[in-house]
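J.: Going by the working numbering, the sequence shown opens with residue -5, and the numbers climb by one from there.
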Amino acid sequence: MLLKYRSDYQKIAMGLLSLLPNFKDWDRLQRELAWYQGGDDRCLYLWKDENDDFAGALGTESQGDFLVVRLITLMPDKQLTRNTWQMLDQLATAAPTKRLMGTLTTAKIIAKWEYHHGQSHNERPATDSGQ
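1) Mapping DSSP to helix, strand and coil, what is Met95?
2) Is Thr100 helix, strand or coil when you go by DSSP?
3) Helix, strand or coil: which one does DSSP assign to Leu(-4)?
4) Could you name the residues that DSSP lists as bridge partners for Thr75?
5) So for Glu26, helix, strand or coil by DSSP?
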């Protein structure tokens, strides 16, 4: 389940983001969280797994008809393709009018997710779980 970041999730979010190489520095990590909170076009999502444990994070930025996935991270024991697909499926369902796009860092993941589905999410019925 994807949950929008709230300030009471700060420690959880910081722990998840610190798994990414770019966020090993404390100041960089705090700037990134502040950036997501600084605009309505940006959103940080935390993902709960089937056991209701926080297990991942997704950072997005809305740009017109696109939702740019800026970051994706999962706990080391949850780094499975099916978990990434679940996160992206839930994101696509939450933003049905937007097409998911990636950055240089996330583009391959998004492309594989779209290929896995055999079509872009805009052509997929909203009820399709993608599995």
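For each residue, glycine too, the CB sits at the ideal point set by N, CA and C.
T.: Inspection of the coordinates gives the following:
1) The answer is strand: DSSP assigns Met95 an E or B state.
2) Correct three-state label for Thr100: coil.
3) Three-state result, Leu(-4): strand.
4) Residue pairing by DSSP leaves Thr75 without any beta bridge partner.
5) Three-state DSSP puts Glu26 in a helix.
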